[in-house]
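2 protein chains.
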Amino acid sequence: MRHTYHDVEFCATRVALSLLAGKWKPIIFFHLFPGPRRFSELWRDIPRVSKKVLLEQLRQLEAGGLVARTVHNGFPPEVTYELSAKGAALAPILRRLDQWAVTHIEGVVQIS
Amino acid sequence: MRHTYHDVEFCATRVALSLLAGKWKPIIFFHLFPGPRRFSELWRDIPRVSKKVLLEQLRQLEAGGLVARTVHNGFPPEVTYELSAKGAALAPILRRLDQWAVTHIEGVVQIS
DNA sequence: TGAACAGGTTACCAGCCGGTAACCTTCTTG
DNA sequence: CAAGAAGGTTACCGGCTGGTAACCTGTTCA
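Heads up: the protein sequence lines correspond to chains A and B, in order.
In terms of my numbering, the first sequence opens at residue 14 and continues consecutively.
In terms of my numbering, the second sequence opens at residue 14 and continues consecutively.
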């Protein structure tokens with residue numbers, strides 16, 4: 014059976030958007046641009062998100078292959094999150110989207 | 014009070030993504046690329062979406078300013094939807110996103 | 001010995017989102 | 001005069017998403 018993008022499950026753009034769908038994902042994404050970040054850094058730097066939800070969003074990004082999670086054993090515990098190659102390839106597109114939003118939507122703030 | 018993108022409400026990328034969030038919106042969007050389409054055309058050409066949901070998604074796109082709705086009076090009733098300038102400016106970004114998905118996600122189908 | 005820290009996990013809940021199915025209105029045509 | 005076509009609208013529902021708050025585990029340090 015051949016699929017087309019009418020099969021919404023297989024529509025490339027929709028699948029891509031679903032990987033980014035989530036209230037905090039764009040912000041997380043942009044926070045990972047400079048390089049790996051610890052969980053606690055992200056939690057401190059992104060206000061008003063709960064631990065649980067931040068973790069959920071990170072795990073979803075991981076499940077989508079956009080973000081890699083690394084556990085460094087030792088004490089204190091250290092877990093870092095960073096963009097994968099796949100995630101990094103998405104970065105320029107997100108930057109263009111950000112730019113589009115800034116020029117076409119009022120009252121919106123550029124991310125980086 | 015100054016906002017930053019940390020105020021998730023004002024994060025440009027997030028707002029942009031929220032305009033595209035919706036199960037059928039990417040497909041609708043790509044169907045509008047060639048030009049204005051009637052409601053019934055869209056409904057015929059996009060399988061498995063109900064009238065109600067298709068209409069909801071179109072109205073949300075309209076509310077976000079990406080799509081313009083035009084009523085042509087006469088009989089039979091004719092209502093057409095087309096991309097606005099704002100929506101058209103988004104098109105190349107969506108095409109790049111589509112391309113990204115095709116190269117990085119397995120089993121996904123290019124939209125156009 | 002017990003507080004602090006990192007990174008989670010658990011229970012629970014409200015609101016939104018997409019879904020089905022039936023119905024409505026206006027005008028035209030057989 | 002009944003049927004059909006276009007573009008909706010209405011009632012109702014289940015599941016997902018984001019939210020709060022409390023709790024857990026293992027190690028170090030005062």
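Idealized CB from N, CA, C, for every residue including glycine.
Listed by position along chain A, the residues whose Cβ is nearer than 7 Å to that of P47 of chain B form an empty set, because the closest Cβ is around 15 Å away. Excluding residues up to 5 positions away in sequence, H16 and T17 lie with their Cβ nearer than 8 Å to the Cβ of F23 of chain A in the same chain. Using a Cβ-Cβ cut-off of 8 Å, K99 of chain B counts as an interface residue toward chain A, since at least one Cβ of chain A sits closer than that to its own. In chain order, G120, V121 and V122 make up the part of chain B whose C-beta sits under 7 Å from the C-beta of F23 of chain A. Scanning the region 67–103 of chain B for uninterrupted beta strand (DSSP E) segments of 3 residues or longer gives 80–85 and 91–96, listed from N- to C-terminal end. For K36 of chain A, the nearest beta carbon of chain B is closer than 8 Å to its own beta carbon. Using a Cβ distance threshold of 8 Å, V121 of chain B and L96 of chain B do not count as a contacting pair.
A Cβ-Cβ contact shorter than 8 Å links V92 of chain B with R51 of chain B. The C-beta of W56 of chain A comes no closer than 8 Å to any C-beta of chain B.
Using a CB distance cut-off of 8 Å, Y94 of chain A does not count as an interface residue toward chain B.
The Cβ of I106 of chain A sits closer than 8 Å to at least one Cβ of chain B. Residue contact check for A114 of chain B against chain A: a CB pair falls below 8 Å. The beta carbons of L74 of chain A and W56 of chain A sit about 15 Å from each other, so the pair does not count as a contact at 8 Å.
One Cα belongs to L107 of chain B, the other to G100 of chain B, and the distance between them is close to 10 Å.
From the beta-carbon of L110 of chain B, the residues of chain A found nearer than 7 Å are T26, A29 and I106. The beta-carbon of I41 of chain A is placed no less than 8 Å from the nearest beta-carbon of chain B. Cβ-Cβ distances below 8 Å link I59 of chain A to W37, I40, I41, H44 and L67 in the same chain, with the five nearest sequence neighbours on each side left out; the list follows chain order.
Residue nearest to A34 of chain A within the set A:H19, A:I118, A:A76 and A:R61 is A:A76 (criterion: CA-CA distance).
Under a 10 Å Cβ-count criterion, A25 of chain A is classified as buried, with 16 or more other Cβ atoms of the shown protein chains found around its own Cβ. Within chain B, no residue has its CB atom less than 8 Å from the CB of L71 of chain A, the nearest being about 16 Å off. The three-state reading of DSSP puts V122 of chain A in strand, counting E and B together.
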